[in-house]
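J.: One structure, pasted below without further comment.
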Amino acid sequence: MEHVVHGEGQSKLVFCGCRRFHFTYGPLTLHFDPDEFLRFTKSVERLSVLARQTPQTESTMTKRAPNTDRCH
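Here the working numbering = 1-based position in the sequence shown + 157.
Rendered as structure tokens:
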């Protein structure tokens, strides 16, 4: 493992000697080649922009996503 980035105890990002990125969040680990990782980060960046623009109050979240097993 060449580079490790830790985030608040829940996540870890490793750029491994195998030339892959390993992103761990809690019990889940995702493995990416460099191009896949860049696509993933762009998607997360777009979602983070939406999250910053959307009010995060309980009343708006309830209206947008009713209490169901699926969000779609």
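Built from N, CA and C at the ideal position, the CB exists for glycine as well.
Got a sec? Which residues, its chain only, sit under 8 Å from residue 203 by beta carbon, not counting five neighbours each side?
T.: Locating residue 203 in the sequence shown gives position 46, where the first residue counts as 1. The same chain holds no residue with a CB closer than 8 Å to that of residue 203 once the five nearest residues on each side in sequence are set aside.
J.: Please name the residue, chosen from 195, 171, 178 and 167, that lies closest to residue 184 on a Cα-to-Cα basis.
T.: By one-based count along the sequence shown, residue 184 stands at place 27. Out of 195, 171, 178 and 167, 167 has the C-alpha closest to the C-alpha of residue 184.
J.: Less than 7 Å between C-beta atoms, sequence neighbours within five positions excluded: which residues of the same chain meet that for residue 201?
T.: Position 44 of the sequence shown, counted from the first residue, corresponds to residue 201. Within the same chain, residue 201 has no close Cβ partners at all.
J.: Return the residue from the list 211, 212, 205 and 176 that minimises the CA-CA distance to residue 193.
T.: Walking along the sequence shown from the start, residue 193 turns up at place 36. Answer by Cα proximity: 176.
J.: Could you name the residues of the same chain whose beta carbon sits closer than 8 Å to that of residue 186, not counting the 5 residues immediately before and after it, in chain order?
T.: As a working mapping, residue 186 is identified with position 29 in the sequence shown. Within the same chain, residue 186 has close Cβ partners 179 and 180.
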